[in-house]
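To start, the structure itself, in structure tokens.
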Amino acid sequence: MTRSARYIVLHETEYTPCGVPVSLAQHLLHLMPRALPWQTVEKAELTVDPDLARIQQGEDVFGNPVAWMALDTPHDGLLVRAESRVTVLGRTLPKAEESPSWESVREIFHYHSGARDADSLDAQRYLYSSPRAPRDARLAAFAALAFKPETPLLAGVQALMEIIYKTFTFDAKATEVSTPVFEVLERRRGVCQDFAHLMIAALRSVGLP
Numbered sequence: 074m075t076r077s078a079r080y081i082v083l084h085e086t087e088y089t090p091c092g093v094p095v096s097l098a099q100h101l102l103h104l105m106p107r108a109l110p111w112q113t114v115e116k117a118e119l120t121v122d123p124d125l126a127r128i129q130q131g132e133d134v135f136g137n138p139v140a141w142m143a144l145d146t147p148h149d150g151l152l153v154r155a156e157s158r159v160t161v162l163g164r165t166l167p168k169a170e171e172s173p174s175w176e177s178v179r180e181i182f183h184y185h186s187g188a189r190d191a192d193s194l195d196a197q198r199y200l201y202s203s204p205r206a207p208r209d210a211r212l213a214a215f216a217a218l219a220f221k222p223e224t225p226l227l228a229g230v231q232a233l234m235e236i237i238y239k240t241f242t243f244d245a246k247a248t249e250v251s252t253p254v255f256e257v258l259e260r261r262r263g264v265c266q267d268f269a270h271l272m273i274a275a276l277r278s279v280g281l282p
């Protein structure tokens, strides 16, 4: 029997202006869970205080639920509350050692003439540099600590994650939102966002989306 778990998720974000009321505000909210084959969304509700906002629901380019919120009435504080109820089904995860070698997966994303399947086309867009997760030889050298020749893909990903977990220090004061991954790599300190960007950038740098 497939096991399942039900969750009630509450998230609150509060803004407090610095003594001057805000006359116009626009926000992009990523607070609602996504319906998936293994995840059923039973409830997803946004409430805003003061209740003056115009909210438009939609999806981003990746299919995730988003909400665009606009307030054009002066306000001296804002509280956004999201309440969700979801049921998550248990899944059997693939065994890391049985996954294909990372080199064979990298080869899929080299240029080849001819048609590509939908999954590889979808993954292709995660291969290239972005402002927070660039591609660079220094990052490739870091990834090489985990991706030895013929290492199974998922085993390499697990090993890279463990290197970051064991050799980097969580330090909430070490970085800011704009801190580049190269500084995180050099200082070996940061927060969850920094470590996620570092891992994504390292994988991209060895040709893995």
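Take the working numbering: the last position of the sequence shown gets the number 282, and nothing is skipped along the way. Note that beta-carbon positions come from the ideal geometry of N, C-alpha and C, so glycine has one too.
I'd like the span of the alpha helix (DSSP H) that includes residue i, first residue to last.
i           : result
residue 270 : 265-278
residue 259 : 254-260
residue 232 : 226-240
residue 196 : 191-197
As a quick exercise: from the options, pick the residue whose alpha carbon is nearest that of residue i.
i           : options           : result
residue 216 : 271, 262, 96, 154 : 271
residue 237 : 226, 259, 224     : 259
residue 102 : 210, 126, 89, 96  : 126
residue 119 : 136, 84, 97       : 84
residue 98  : 269, 167, 142     : 142
residue 110 : 162, 245, 189     : 162
residue 123 : 89, 171, 221, 130 : 89
residue 92  : 131, 251, 147     : 147
residue 144 : 253, 276, 96      : 96
residue 172 : 130, 229, 214     : 229
residue 253 : 202, 191, 77      : 202
Using the three-state DSSP reduction, which class does residue i fall into: helix, strand or coil?
i           : result
residue 178 : helix
residue 131 : strand
residue 215 : helix
residue 88  : strand
residue 142 : strand
residue 126 : coil
residue 96  : coil
residue 249 : coil
residue 108 : coil
residue 223 : coil
residue 78  : strand
residue 206 : strand
residue 188 : coil
Given a cut-off of 8 Å on the beta-carbon distance, is the pair residue i and residue j in contact?
i           : j           : result
residue 159 : residue 121 : no
residue 227 : residue 278 : no
residue 152 : residue 223 : no
residue 281 : residue 134 : no
residue 138 : residue 164 : no
residue 155 : residue 234 : no
residue 267 : residue 248 : yes
residue 94  : residue 149 : yes
residue 206 : residue 273 : yes
residue 182 : residue 200 : yes
residue 261 : residue 240 : yes
residue 257 : residue 245 : no
Kindly indicate the opening and closing residues of the beta strand (DSSP E) around residue i.
i           : result
residue 159 : 151-162
Do we get a CB-CB distance below 8 Å when we pair residue i with the residues of chain C?
i           : result
residue 100 : Of the protein chains in the structure, only one exists, and it is not chain C.
Measure how close the beta-carbons of residue i and residue j come, nearest whole angstrom, since I'm counting them as under 8 Å.
i           : j           : result
residue 140 : residue 128 : 5 Å
residue 225 : residue 174 : 6 Å
residue 210 : residue 219 : Between residue 219 and residue 210 the Cβ distance is about 16 Å, and since that is not below 8 Å, they are no contact.
residue 82  : residue 157 : 4 Å
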